[in-house]
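Participant: So the sequence shown is numbered by the UniProt record's numbering: it starts at 1 and just counts up by one.
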Amino acid sequence: MSNPVRSKGGCWTCRLRRKKCDEGKPECTTCQALSITCYGYGPKPEWMDNGDAEKDVANSLKHIVRYTSRRTSSRYRVPPGQKANPKLAPKVHAAASTPSTNTSHSTETTPPSDNGFYDTAESPLSPNGAQHLTIATIPAEDSILLMHFLDKVFPLQYPMYRPDILEGGRGWLLALLLQTKSLYHAALALSSYHRRMLVFERISEQCRATAAVQQEKHLETCLNEVRQAMVILDQRTRQRKSYDGMGTVTSIVQLVFFELFAGQDHAWRTHLNAAIDVYDQNCRDKLEHLDLSEASKTILRNDQRLAVDGALVTQEVTTFRFMGGSIIWLDILSSLAAGSVPRLLSYHQGVLDAASQVKLENIMGCKNWLMCQIGRIAALQGHRRQDGWTSQRHGIKLHSIAADIKSEIESGMAREALESLNIQTSDSCGINNSSTNSVTLTTRMFAFMAIIHLHLVTHDFERLDNLRETIADAIRLLQSQVPCSMIPVIVAPLFIIGCVAAQGDEQSLFRASLASDTSQHRLYRHRKDVLSALEEIWSKRQTSTDYTWNDVLDMGQHKYLLFL
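#1: Ordered along the chain, which non-local residues of its own chain (more than five positions away) have a Cβ less than 7 Å from that of A53?
#2: Are A402 and L380 closer than 9 Å when you measure CB to CB?
#3: With H, G and I counted as helix, E and B as strand and the rest as coil, what does DSSP make of L344?
#4: Assign P43 to one of two classes, buried (16 or more other C-beta atoms within 10 Å of its C-beta) or exposed (fewer than that).
#5: L290 by DSSP, collapsed to three states: which one?
#6: Kindly examine the ligand ADP and report whether one of its heavy atoms sits closer than 8 Å to the Cβ of I537.
#7: Measuring straight from C-alpha to C-alpha, what distance separates R343 and D331?
#8: Please report the distance separating the alpha-carbon of T180 from that of Q214.
#9: Mark S192 as exposed unless 16 or more other C-beta atoms lie within 10 angstroms of its C-beta, in which case mark it buried.
#10: Given that a residue counts as buried once 16 or more other Cβ atoms are within 10 Å of its Cβ, and exposed if not, what is R476?
#11: For a test of the three-state rule: what should DSSP assign to residue 608, helix, strand or coil?
#12: For a test of the three-state rule: what should DSSP assign to S143, helix, strand or coil?
#13: Could you pull out every residue in the same chain whose Cβ sits closer than 8 Å to the Cβ of P26, ignoring the five residues on either side in sequence?
#14: Whose C-beta lies closer than 7 Å to the C-beta of E167 among residues of the same chain, with five residues either side of it excluded?
#15: Give the secondary structure of K25 by DSSP, where H, G and I count as helix, E and B as strand, and everything else as coil.
#16: With a threshold of 6 Å on Cβ separation, who are the neighbours of L290 within its own chain once the five nearest residues in sequence on each side are excluded?
#17: Under a three-way DSSP split, which group does N50 fall into?
#18: With distances taken between CB atoms, is the gap from A447 to I409 smaller than 9 Å?
#19: Per DSSP, what kind of secondary structure is Y158 in: helix, strand or coil?
#20: Rounded to whole angstroms, what is the Cα-Cα separation between I36 and V491?
#21: Can you tell me the Cα-Cα spacing of Y76 and D303, whole angstroms?
#22: Which of helix, strand or coil does DSSP assign to K20?
#23: What's the C-alpha gap between P86 and I138?
#24: For the stretch 217–246, list the alpha helix (DSSP H) runs that are entirely contained and at least 4 residues long, ordered along the chain.
#25: Near S326, which residues of its chain fall below 7 Å by C-beta distance, leaving aside the five closest residues on each side in sequence?
#26: Are the Cβ atoms of Q481 and L441 separated by less than 9 Å?
#27: Measuring only the C-alpha atoms, how far is S532 from F258?
#28: Taking 9 Å as the cut-off, decide whether the C-beta atoms of A175 and L219 are in contact.
#29: I need the straight-line Cα distance from A472 to A501, nearest angstrom please.
#30: Is it right to say N59 is buried, meaning 16 or more other beta carbons lie within 10 angstroms of its own, or is it exposed?
#31: Looking only at C-alpha atoms, which of L345, L352, D460 sits nearest to R385?
#32: Use the C-beta contact count for M147: other C-beta atoms within 10 angstroms, 16 or more gives buried, fewer gives exposed.
#33: Starting from residue 592 and walking both ways along the alpha helix (DSSP H), at which residues does that stretch end?
#34: State yes or no: is the C-beta of L360 within less than 9 Å of the C-beta of I328?
#35: What does the Cβ neighbour count give for N368, buried or exposed, with the cut at 16 atoms within 10 Å?
#36: Can you list, in chain order, the residues of its chain whose CB lies under 6 Å from that of D22, leaving out five sequence neighbours each side?
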């Protein structure tokens, strides 16, 4: 049998650098060794144009290669008069139920970290598949990135998150970061990316290359750890044995954010689906095989309030609820954008019940009852788009569901209006309700979005006169009460409400909102495409009489825009 035909030029990176390529898949060994991006063997990259773009990529690769070479040589250089330190075997801290003989199976599955933060001891034979780590001294470089993540990046991801004092603040997040190698490196990669975006114009090209290498190394470590953890998790699920999944699923969600921010609009879908799979498995198993304390499982199964239950229980319960809520939120919004049924729809009625201890308002700003209805709208849209529901064949069922959803939203908005009056009364008495007011405003904007989206799903862009009052109310709220600082929280409402905005002042308002400094934060590079997508929709509404909501969903460029 003849060997497969190999390409003559190698990967596009090696071709650009005019180096020999071993054509390894999916990445060649040369690129991996130098910590540079391997651009693969597919179609010619757009930047390879014999112009400025190609020169920029070539220069960036040169700087990274120089930096990597210096780091590699200095790492093994011993100062004069100093003996080389012997290489120590990684420490193993087995779980209490692990026989001591398991330590002999410890293997170093990833290259040693430059920073020495972790003494790594991952044993695939450990009873719960956990990553066992010993915390050493945090290097200055890592501590800067870690605190930047906690102080700047995480609040940008979750601007509405206000943990209750009984939840221990963000202590659960810090604990996970220090316990889970994949999450630690995911956070540092995202933090490095954000800092590089902020100071890009103020640092030299060499510093940019150094920061890019730092980011890619953290990301590579995270991806390797997540892959290993998912393999172990899958094995233990099939064996019906307990596994440590919370650190892994949190790492995956952070990867989703990183890939979304970096514009990798295919990779994040894979990781979001993986996070959904883990959450779904835990719910179907009633947490039976998740490595949590029995006290935590009891609280979660019975949806009980947290009391003074001890630090470990508080951390476990808070982590599961926060990450579960985040995954449900991301599942709903990605379904809205893709025109599909939310994969976790069957859990909405329980998890998003008004009395549930999972509070989406504390995670992304919109109250549970409304997100539950938005999930129903996404499902209705998915049935029309994927299952071929039409007004002719399924008209009665379709409009019955739509009428029920609209009734639920209007009833909920009436309750919200009464609560708003109570808030105003409290404010007049000098009570500070800023966070409550932000939730109320966010929920109202999402409610206007839901009514308009429901109309688009059932009637496309026809009969828009029926929406004039809703659009006018949304615009009044946006102009008079929504502060600029809240714009990042309501990007999804701005997009969908903006789709039906009239020419002139209405469209100008949405242009101004989406082009504002608070909306166009450097971390959210994908937001620059939201306005361009709206401009295209407005143009096609004017030039085409048969333009439909399905046409909007078919616009590939905005399928990742409704997240944030």
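For every residue, glycine included, the Cβ atom is placed at its ideal position computed from N, Cα and C.
Facilitator: So, from the data block:
#1: Closer than 7 Å at Cβ, skipping near neighbours: W47.
#2: Yes, the Cβ-Cβ distance between A402 and L380 is below 9 Å.
#3: In the three-state reduction of the DSSP assignment, L344 falls in the coil class.
#4: Counting the other CB atoms within 10 Å of its CB gives P43 a total below 16, which places it among the exposed residues.
#5: Three-state DSSP puts L290 in a strand.
#6: This structure simply doesn't include the ligand ADP, nor any ligand for that matter.
#7: So the alpha carbons of these two residues sit roughly 7 Å apart.
#8: Taking the straight line joining both Cα atoms gives about 19 Å.
#9: The residue in question, S192, is buried, as its Cβ has 16 or more Cβ neighbours within 10 Å.
#10: The residue is exposed, with fewer than 16 neighbouring Cβ atoms inside 10 Å.
#11: Lying before the first or after the last residue shown, residue 608 is absent from the chain, which here runs from 1 to 564.
#12: In this structure, S143 counts as helix in the three-state DSSP scheme.
#13: So the list reads C38, G40, once near-sequence residues are dropped.
#14: The residues are L306, T314, T318.
#15: Correct three-state label for K25: coil.
#16: Non-local beta-carbon contacts of L290 in its own chain, meaning distances under 6 Å to residues more than five positions away in sequence, involve G245, N282 in chain order.
#17: Per DSSP, reduced to three states, the secondary structure at N50 is coil, with no helix or strand assignment.
#18: Yes; because the gap between Cβ atoms is below 9 Å, this pair is in contact.
#19: Of the three classes helix, strand and coil, the one that applies to Y158 here is coil, per DSSP.
#20: Rounded to whole angstroms, I36 to V491 spans 34 Å at the Cα level.
#21: With a pLDDT of only 40 at Y76, under the threshold of 50, the placement of this residue in the model should not be trusted, and no figure is reported.
#22: Look at K20 here: in three-state DSSP terms it is coil, with no helix or strand label.
#23: For P86, the pLDDT reaches just 36, beneath the cut-off of 50, and the residue's location in the model is therefore unreliable, although a value from the coordinates is still provided. Looking at the two C-alpha atoms, the distance is approximately 21 Å.
#24: Taking 4 residues as the minimum length, the stretch 217–246 contains no alpha helix (DSSP H) run wholly inside it.
#25: Excluding sequence neighbours, S326 sits near V253, I363.
#26: Yes; because the gap between Cβ atoms is below 9 Å, this pair is in contact.
#27: Rounded to whole angstroms, S532 to F258 spans 22 Å at the Cα level.
#28: No, the Cβ-Cβ distance between A175 and L219 is not below 9 Å.
#29: Put simply, the backbone Cα of A472 is about 10 Å away from that of A501.
#30: Classification for N59: exposed.
#31: Closest in C-alpha terms to R385, from the list L345, L352, D460, comes D460.
#32: It counts as exposed.
#33: Missing from the structure shown is residue 592; the chain here goes from 1 to 564 and no further.
#34: A contact, by the Cβ cut-off of 9 Å.
#35: Classification for N368: buried.
#36: Cβ contact annotation for D22 (same chain, cutoff 6 Å, sequence separation greater than five): C28, T29, in chain order.
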